[in-house]
Amino acid sequence: MDKTALEEYDALVMERADLSKRITKIKHKLRELAGTVVADSVEGTREDGTYGPIKIKGLPLPAYDQEARRLRKQETRYKILQLEISAQTEAIEEFIETVESPQIRTILRMRYIDRAPWEKISRRFGRSRDWARKSVDNFWRDCP
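Here the sequence shown is numbered in the numbering used here, starting from 101 and rising by one per residue.
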């Protein structure tokens, strides 16, 4: 495990949040489309046998179907991403447990699992703003 893998994990978590927002938007649009009625008028023979204008009403099916397909695709991508994140989280936690220094273990856990900013981690230890980041940079530099 290296620093790049931990940063990729952070990007995966951000992608999950973005996908979640997109899914919510698509669901909202589907609800709007389900409530939308399109109407048209054509000339033809009515049910009673008379000839004249006939009003046709219904759902905008092509648009609704397209959004429903997009939703299914996004939800599938979201589930795959969830599995990736779970596997990556497990790998990161296993890696963090192998770190000898309890201080570095705590910093890594807070930064990459809990997604806390460097300043918050440093404050928790009662140190300067850059202390946590510099400690981890030193760890990566010394790490084989």
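By construction, the Cβ of each residue, glycine as well, lies at the ideal position given by its N, Cα and C atoms.
Computed from a prediction, not measured in an experiment: that's the story for all the values here.
| Item | Value |
| --- | --- |
| Quick one: grab the DSSP three-state call for SER141. | strand |
| What number of angstroms, rounded off, separates the C-alpha of TYR164 from the C-alpha of ARG146? | 28 Å |
| Okay, do the segment 127 to 134 and the segment 208 to 221 touch, 3+ Cβ pairs below 8 Å being the bar? | no |
| Going by Cα to Cα distance, which pick from ILE154, THR206, THR136 and GLY135 is closest to GLY144? | ILE154 |
| Excluding sequence positions up to five away, which residues of its chain have a Cβ less than 6 Å from the Cβ of THR176? | none |
| Which residue spans inside the segment 113 to 168 form an unbroken beta strand (DSSP E) run of at least 3? | 138 to 145 and 151 to 158 |
| May I have the straight-line CA-CA distance separating ASP140 from GLU132, to the nearest angstrom? | 19 Å |
| If we count Cβ pairs, one from each stretch, closer than 8 Å, do we get three or more for the segment 187 to 206 versus the segment 166 to 174? | no |
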